[in-house]
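For the sequence shown, the positions run 1 to 155 when full-length UniProt numbering is used. Note that beta-carbon positions come from the ideal geometry of N, C-alpha and C, so glycine has one too. In this text the structure is predicted, and so the values were computed from the model without any measurement.
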Amino acid sequence: MLEEVKAKLEQQFGFECEPYDTNFLLVKADRDKLRDLMKFLKKEGFNYPHTVSVVDYTPKGQGYQVNYILEDLVKKKFVMVRVELPADDLSVPSVCDIFPPLQPHEREAWEMFGVDFIGNPRLEVMLLPEWAEGWFPLRKSYDFKKHRKPTKGKK
1 MLEEVKAKLE QQFGFECEPY DTNFLLVKAD RDKLRDLMKF LKKEGFNYPH
51 TVSVVDYTPK GQGYQVNYIL EDLVKKKFVM VRVELPADDL SVPSVCDIFP
101 PLQPHEREAW EMFGVDFIGN PRLEVMLLPE WAEGWFPLRK SYDFKKHRKP
151 TKGKK
């Protein structure tokens, strides 16, 4: 089943696809085709979105990765869609209208890493205090000492 999906993705989108495990396919996608890809995968049965995660590779001289994990619950197969972003352009189209459960995941990734999910109507502070907006504490470059507020208690 994953071989069929892999062949369709390579033919229709021209994306690099590689088996990640026996029931897991990794798709390296371009951000400008992300929405079409996600609609295609949903029609192919990958209609259960697990998460959106961001990986910061800036210390290695690279940018960021935005990873989406989708599952076909009937066939117990997974697809991870990976979009690579340069550090100076952290924007990707939102897919929360295609997969509504991903809306808070995009929101958290925006808040913690600063990735702008274009079209997400709720990119607002969710976990951090409002005065901390723009800190992006999960970036490797984040300086915790600079932003740390003194706390009461033992020193």
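query                                                                                           : result
Among K33, M112, V79, H50, nearest to N23 - alpha-carbon criterion                              : V79
7 Å CB neighbourhood of E16 in its chain, flanking five on each side removed                    : K28
Pair within 9 Å by beta-carbon distance, N47 and L25                                            : no
Beta-carbon proximity list for H105, same chain, < 6 Å, skipping 5 on both sides                : T51, V52
Extent of the continuous alpha helix (DSSP H) run through K39                                   : 34-43
Burial state of L127 (16 or more Cβ within 10 Å)                                                : exposed
Bridge partner(s) assigned by DSSP for R53                                                      : The question names Arg, but residue 53 in the sequence shown is Ser. Beta-bridge pairing links S53 to N67.
Helix, strand or coil at L25 according to DSSP, with G and I counted as helix                   : strand
Close beta carbons around E18, own chain, < 7 Å, minus the five adjacent residues each side     : L26
N- and C-terminal bounds of the beta strand (DSSP E) containing M80                             : 77-85
Sufficient close CB pairs (3 or more, under 8 Å) joining the region 112-119 to the region 52-63 : yes
Between the CA atoms of Q103 and L123 - distance to the nearest angstrom                        : 9 Å
Span of the alpha helix (DSSP H), counted from its first residue to its last, around P93        : P93 -> not in any alpha helix (DSSP H); beta strand (DSSP E) instead, spanning 91-93.
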